[in-house]
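Here the structure is laid out as structure tokens; the discussion comes afterwards.
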Amino acid sequence: MVGGIAALLIWMNPQLAAVTLLAVPLMWVLTRWFMRAVEPRYAAQRESVGDLNTRLENSLGGIELVKTSGTEAFETERVSVASYDYFRKTMAMLRLNYVYRPGMELLAGLSFAATFLVGGWWLATDEAPLILSGDLTTGTFVTFLLLSQRFVTPLAEVSNIVDQYENAKASSERVFGLVSIPAHISDREDARPLGDPSGHVEYDGASFAYEEEPVIDGVTLSVPPGETAALVGPTGAGKSTLCKLLLRLYDVDSGAIRIDGQGVREVTIDSLREQVGYVSQGSYLFDGTARENLAYGAFEATDEELAEAARAAEAHEFIEKLPEGYDTRVGERGVKLSGGQRQRLALARAMLGEFAIVVLDEATSAVDTETEAAIQRSLARLTEDRTTFVIAHRLSTVREADRVFVIEGGQVTERGTHEELLEASGLYASLWNAQTNEIEVGAR
Ligand code: ADP
863 MVGGIAALLI WMNPQLAAVT LLAVPLMWVL TRWFMRAVEP RYAAQRESVG
913 DLNTRLENSL GGIELVKTSG TEAFETERVS VASYDYFRKT MAMLRLNYVY
963 RPGMELLAGL SFAATFLVGG WWLATDEAPL ILSGDLTTGT FVTFLLLSQR
1013 FVTPLAEVSN IVDQYENAKA SSERVFGLVS IPAHISDRED ARPLGDPSGH
1063 VEYDGASFAY EEEPVIDGVT LSVPPGETAA LVGPTGAGKS TLCKLLLRLY
1113 DVDSGAIRID GQGVREVTID SLREQVGYVS QGSYLFDGTA RENLAYGAFE
1163 ATDEELAEAA RAAEAHEFIE KLPEGYDTRV GERGVKLSGG QRQRLALARA
1213 MLGEFAIVVL DEATSAVDTE TEAAIQRSLA RLTEDRTTFV IAHRLSTVRE
1263 ADRVFVIEGG QVTERGTHEE LLEASGLYAS LWNAQTNEIE VGAR
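Here the sequence shown stands for residues 863 to 1306, where the numbers follow our numbering.
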């Protein structure tokens, strides 16, 4: 429309058309200015709304801690600060809009007014005003008035599009910025599937650092298929990290980890994680039904298979007792279940997978003795004929393990069976004695 009308106006009277079209370069300059000025402000606004959302999610996600610590006022203040920042950034962006959009309208109006005044003068005095020359007929003038309005209105609307464009650009830059972060852990070009391993796990001089400090420092150990290895040691010694390396949540910096002689970095990640089950301390549950959480990752499992796994994990009984059984929603992160129930659900989930190897980060949370016994039984079933790494806190687990590795400062400092280590009277023996004493004192 704009192009057609401009051509028509120029064809009818190029001189008056120049007056009408004078607004176009001015609009262009204004738009360029706006685009340049608003871009960083939109980017700042998007970032600010991201911060606000993170803040809110944190406050709501940690609602229990907030309530129990009585820090509502503190959280309110923090949300207010983030909220006010968002308000300020939005206002900064809007202030430009308040100049730009009316500016475009104004230029459109001026273009029409100029056409009207110059053309009107020209027609009334029958003399070309200013530097113009030639004739103007009434018909041409009326056509100009009608058309010039149709010409500038869509041009003024360009401001809408430009504004939306800048907004979308700022948003998409954030999205694509996230998408384009390269994944550090990915399949090698020549990665092959792990196949069906018997579960022989070897660490061969494995070292790893999250940052500068080595967290795992030349660990060499071997666990034959079907055996249970307990990892014990002080907090922060690197036990969890050692297990995460097996799952390739991180890659070793040097050395190797092998399953049945195949390096974990040489096999496809999918096939590796199909064979290694991981039950962490803070078993994560999604907002959904018990069934959905149970079948997570084993989506094709039938109801019977689910129930069987749940029975093996001693979870079937309590799930049945929920108001809607397997179809009960467990709430966000499983808030409607007790700690022990959440754990048994996670164990049942691990049982559904046909893992050759399982990694258990045993919970230290104080579950009641009945639940503890139930978890113990389900653990025993899960680990029966699978190679198991267990970050052990319970004495019973450690004692029953086929081998125990004491981890200190990222190194294996003691290894052997429970009895052997007790005899060696090292750190393990003193840890054990301290714990058994505690229990005796508690029992008294
Ligand atoms: P453990 O399981 O024996 O308690 P971890 O393996 O969790 O120990 O942690 C070992 C060390 O690595 C700790 O000093 C911890 O602070 C550090 N660490 C753990 N996870 C990370 C991480 N994601 N980024 C940086 N450092 C980490």
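Don't be surprised by glycine CBs; every beta carbon is placed ideally from N, CA and C.
Asked	Found
Going by C-alpha to C-alpha distance, which of T1002, P887, A954 sits closest to W873?	T1002
Distance, Cα to Cα, V941 vs D1025?	28 Å
Using DSSP's beta-bridge definition, name the partner residues of V886.	Beta-bridge pairing links V886 to no other residue.
Exposed or buried, P1059, counting other C-beta atoms within 10 Å across all chains shown (16 or more means buried)?	buried
Which of the three DSSP states, helix, strand or coil, is assigned to Y946?	helix
Rank F1161, P1055, T1190 by C-alpha distance to the C-alpha of R1127 and give the top, closest one.	P1055
So, for L878: in the same chain, excluding its five sequence neighbours on each side, which residues have a beta-carbon less than 7 Å away from its beta-carbon?	T977, V980, G981, L998, F1006
With a threshold of 6 Å (Cβ to nearest heavy atom), would V1077 be considered close to the ligand ADP?	yes
Below 6 Å, is the gap between the Cβ of A1099 and the nearest heavy atom of the ligand ADP?	yes
One question on the structure: do S1069 and G1117 come within less than 7 Å of each other, judged by their Cβ atoms?	yes
Hey, could you find the ends of the beta strand (DSSP E) Y1027 is sitting in?	Here Y1027 belongs to no beta strand (DSSP E); instead the alpha helix (DSSP H) covers 1000–1041.
What are the start and end residues of the beta strand (DSSP E) that includes G996?	Looking at the DSSP string, G996 is not in any beta strand (DSSP E), and its letter there is neither H nor E.
Taking DSSP as the reference, what is the three-state secondary structure of Q877?	helix
With H, G and I counted as helix, E and B as strand and the rest as coil, what does DSSP make of V1081?	strand
Just to confirm my understanding: we take A1163, look at its own chain, exclude 5 residues before and 5 after, and list those with CB closer than 7 Å. What are they?	A1157, L1214
Just the Cα atoms here: how many angstroms apart are R1120 and I1023?	57 Å
Can you name the start and end residues of the beta strand (DSSP E) that D1066 belongs to?	1063–1071
Return yes when the C-beta of S1102 is under 6 Å from any heavy atom of the ligand ADP, and no when it is not.	yes
Nearest to L1184 by CA position, among T1151, L968, A1171, is which residue?	T1151
If you run the structure through DSSP and keep just helix, strand and coil, what is T1190?	coil
Here's the rule: buried if 16 or more other CB atoms are within 10 angstroms of the residue's CB, otherwise exposed. What is M955?	buried
Mind checking who F1267 pairs with in its DSSP beta bridge?	L1093, R1277
Would you call the CB atoms of K863 and M966 closer than 7 Å?	Strictly speaking, residue 863 in this sequence is Met, with Lys absent from that position. Going by C-beta atoms, M863 is not nearer than 7 Å to M966.
Can you name the start and end residues of the alpha helix (DSSP H) that S1102 belongs to?	1101–1108
Would you say S1010 and T882 are within 7 Å of each other, going by their C-beta atoms?	yes
When every heavy atom of the ligand ADP is checked, does at least one fall within less than 6 Å of the C-beta of Y1290?	no
Going by DSSP, what residue range makes up the beta strand (DSSP E) through T1249?	1249–1253
Could you give the residue range of the alpha helix (DSSP H) that holds L927?	925–931
Compare the C-alpha of G1098 against each of L992, R1153, Q1273 and name the closest.	Q1273
Quick check: R1110 and I1131, are their CB atoms within less than 7 Å of each other?	yes
With L1222 and V1192 assumed to form a contact (beta carbons below 8 Å), what rounded beta-carbon distance in angstroms separates them?	21 Å between Cβ atoms; not a contact.
Would you decide whether F1267 is buried or exposed? Buried here means 16 or more other CB atoms lie within 10 Å of its CB.	buried
Which of the three DSSP states, helix, strand or coil, is assigned to P1076?	strand
Would DSSP call S1240 helix, strand or coil?	helix
Check whether the segment 1276–1283 touches the segment 1259–1266, counting contact only when three or more Cβ pairs, one atom from each stretch, lie closer than 8 Å.	yes
Can you give me the start and stop residues for the alpha helix (DSSP H) that L1214 sits inside?	1201–1214
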